[in-house]
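Asker:
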Amino acid sequence: MIPELQFSRPKTIREALNLLATPGQNNRILAGGTDVITGIQMGSKRFSRIDLLIDINQIPELKTITENKAHIIIGGNVTFTELIENPIARQKLPLLVKAASTVGNLQIRNRATLTGNFVNNAPCADSVPPLLVYDALIKIESQNSGRELPLQDFLTGTYKTLIKPNELVTEIRIPKADTELRGDFYKLGRRKSVAISRISLAVLAQIEEDKIKEIRIASGAVTPIGERFPDLEKWANGQKISDELLKLLAKKMAEKITKANGLRWSSTYKIPVLQQTFYQLLKKVTD
Amino acid sequence: MPKITFNLNNKDITITTAYNRRLLDVLREELGLTGTKEGCAIGECGACTVLLNDQAVNSCLLLIGQVEGQNVLTIEGLSTKGELHPVQKKFLKHGAVQCGFCTPGMILSAHALLHKNPSPKEEEVKEAITGNLCRCTGYKQIIDAVMDVTKG
Ligand code: FES
Ligand code: FES
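In the order they appear, the protein sequences are chains G and C.
Using the working numbering, the final residue of the first sequence is 498, and nothing's skipped along the way.
Using the working numbering, the final residue of the second sequence is 191, and nothing's skipped along the way.
Shown next, in the form of structure tokens:
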């Protein structure tokens, strides 16, 4: 059962921010509803005692995907389907589009949003690893202020982020690379559709002749939240590509993840699979 | 209580209801349209699928206030003048209905696909119904039925 609540549908960002600032009550943003409504429905603590739901689906400003010289800008309420069907995203953000196509099923992708995915910040948020390797920034606004920060800093723990109750993520800004980057996204789920991912990996690299000039690596689901691997990236940057190097990199990555997680019951399965899939991903990207 | 106006099955309607109700509840309890089913209630089974502005969505994940001013199509709105819709006819022909619980959602997902893409490949049909679970048929008859619609 959904408890009694107030409901509002602002038409502009300004109006939404004013509603979010309503004092003395618990105001929540409603975007795709795939986490919020199920959360309320199941009586989840994270979604209890909501006084006002602010449905942002009537705000056109949050629905656009545009680009300028330096950035690709994705509105804070773009759904996975809208992203997948957008020509700019398809051409310039292939890893993100690939990850988006693996989310849930069609009904979910038609409603769920990219921003909702990382604001909820479940370990299995599929869009997070690609956004991290793209060095995504996010723009957050409230009634009286605004800030921009790297997504990586915004995500602080499982289901935790730096968002404040009066704030709304209005944009995702992805810096355009000035050189060609090659990359891929991989997801292993338990079931094909509606699979909540168990392992997801994203790799983006700049290859120069036979060397890794720069590599960016991110994981999801196997780590408590989606994260980058700066030490590993530093270690690999500038190295000559060889089968041994890729194997060693995959091994180091698996060790890191084992450490980050402590050992879990699923580790005997996950770690070798992770090492192997990461190796294959590296091979594909550096080929 | 708030009044909510939306287009349901090609007719504008206005209802008076509380904001804490899902579209699914209003369809079934208020409007007596029980073709839309409730399975999991958390967006996994697709039994509650309706079309919102021509897109397949789960009505268990929509609050009634969200459909204000929008177009909603349920299985009851698919047939015209008492005649079954072509997708419904093909489902019957291919034995794609057993217990029938998944059928309304399945048919609406197929309808949404065909609306967007009148001659889909089998892979695309499969993709379009990944959000609709069926415990009975094993899916083959369903996929055959949808593919048959494309042949006219
Ligand atoms: S009842 Fe809505 S998806 Fe299962
Ligand atoms: S016919 Fe029984 S669930 Fe599909």
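Idealized CB from N, CA, C, for every residue including glycine.
Within 8 Å: the Cβ of C:L172 and any heavy atom of ligand 2?
Answerer: As a first step, residue 172 of chain C is located in the second sequence; it is residue number 133 there, counting from the start. Under cutoff, so the answer is yes.
Asker: Identify every run of the alpha helix (DSSP H) within the region 289 to 321 of chain G, keeping only runs that are complete inside it and at least 4 residues long; order them along the chain.
Answerer: Qualifying alpha helix (DSSP H) stretches, in chain order: 291 to 296, 298 to 303, 305 to 312.
Asker: On the criterion of 16 or more Cβ atoms from any shown chain inside 10 Å, does C:K202 qualify as buried, or is it exposed?
Answerer: Within the shown structure, residues of chain C are numbered from 40 to 191, placing residue 202 of chain C beyond reach of any answer.
Asker: Are the Cβ atoms of G:Q236 and G:L263 separated by less than 9 Å?
Answerer: Sequence index remark: in the first sequence, residue 236 of chain G carries index 25 (1-based). Sequence index remark: in the first sequence, residue 263 of chain G carries index 52 (1-based). Closer than 9 Å, so yes.
Asker: Ligand 2 heavy atoms versus the CB of C:C141: any closer than 8 Å?
Answerer: Here the question's residue 141 of chain C lines up with position 102 in the second sequence. Yes.
Asker: Classify C:C84: buried if its beta carbon has 16 or more other beta carbons within 10 angstroms, exposed otherwise.
Answerer: Position 45 of the second sequence holds residue 84 of chain C. By the neighbour-count rule (16 or more Cβ atoms within 10 Å), C:C84 is buried.
Asker: With a cut-off of 9 Å, does the C-beta of G:V405 fall near any C-beta of chain C?
Answerer: Start at 1 with the first residue of the first sequence, and residue 405 of chain G comes out as number 194. Note that G:V405 scores a pLDDT of 49, beneath 50, so its modelled location is shaky; the value from the coordinates is reported in the next line. Yes, contact with chain C.
Asker: Starting from the C-beta of G:G286, find all residues in its chain whose C-beta is less than 6 Å away, skip the five residues before and the five after it, and write them out in chain order.
Answerer: The sequence position of residue 286 of chain G within the first sequence is 75, counting from 1. Excluding residues within five positions, the ones whose Cβ falls inside 6 Å are L273, K274, T275.
Asker: Is the closest heavy atom of ligand 1 to the C-beta of C:L72 under 8 Å?
Answerer: The residue labelled residue 72 of chain C in the question sits at position 33 within the second sequence. Incorrect: C:L72 has no Cβ contact closer than 8 Å to ligand 1.
Asker: With a cut-off of 9 Å, does the C-beta of G:Y480 fall near any C-beta of chain C?
Answerer: Position 269 of the first sequence, counting from 1, holds the residue named residue 480 of chain G. So, not an interface residue.
Asker: Can you tell me which residues form a DSSP beta bridge with C:A95?
Answerer: Counted from its first residue, the second sequence places residue 95 of chain C at position 56. Per DSSP, C:L90.
Asker: What are the residues of the region 279 to 301 of chain G that lie near chain C, defined by any Cβ-Cβ distance shorter than 9 Å?
Answerer: Cβ contacts with chain C come from T292.
Asker: Once DSSP output is grouped into helix, strand and coil, what is the label at C:G116?
Answerer: Along the second sequence, read from residue 1 onward, the residue named residue 116 of chain C stands at position 77. C:G116 falls in the helix class under three-state DSSP.
Asker: Measure the alpha-carbon distance for G:I418 versus G:K494 and round it to whole angstroms.
Answerer: Locating residue 418 of chain G in the first sequence gives position 207, where the first residue counts as 1. Locating residue 494 of chain G in the first sequence gives position 283, where the first residue counts as 1. C-alpha separation (whole angstroms): 12 Å.
Asker: For G:K403, which residues in the same chain have their Cβ closer than 7 Å to its Cβ, ignoring the five residues on either side in sequence?
Answerer: Along the first sequence, one-based indexing puts residue 403 of chain G at 192. In this prediction, G:K403 scores a pLDDT of 48, lower than 50, which makes its location untrustworthy; the coordinate-derived value is nonetheless stated afterwards. If we look at G:K403 and ignore the five residues flanking it on each side, it has no Cβ neighbours.
Asker: Is the beta carbon of G:K210 sitting closer than 9 Å to the one on G:K424?
Answerer: No information on residue 210 of chain G is available, as it lies outside the stretch 212 to 498 that chain G covers here.
Asker: Does the distance from the CB of G:R220 to the CB of C:Q180 come in under 9 Å?
Answerer: Numbered from its first residue, the first sequence carries residue 220 of chain G at position 9. Numbered from its first residue, the second sequence carries residue 180 of chain C at position 141. Result no, Cβ atoms of G:R220 and C:Q180 do not sit closer than 9 Å.
Asker: Just grab the DSSP bridge partners of G:A429 for me.
Answerer: If you number the first sequence from 1, residue 429 of chain G lands on position 218. Its beta-bridge partners are G:A413, G:R439.
Asker: What first and last residue would you give for the beta strand (DSSP E) that runs through G:N181?
Answerer: An answer regarding residue 181 of chain G cannot be provided, because it is not within the stretch 212 to 498 covered by chain G.
Asker: What is the residue span of the alpha helix (DSSP H) that G:P376 lies within?
Answerer: For the purposes of this step, residue 376 of chain G is identified with residue 165 of the first sequence, where counting begins at 1. No alpha helix (DSSP H) contains G:P376, which DSSP labels as neither H nor E.
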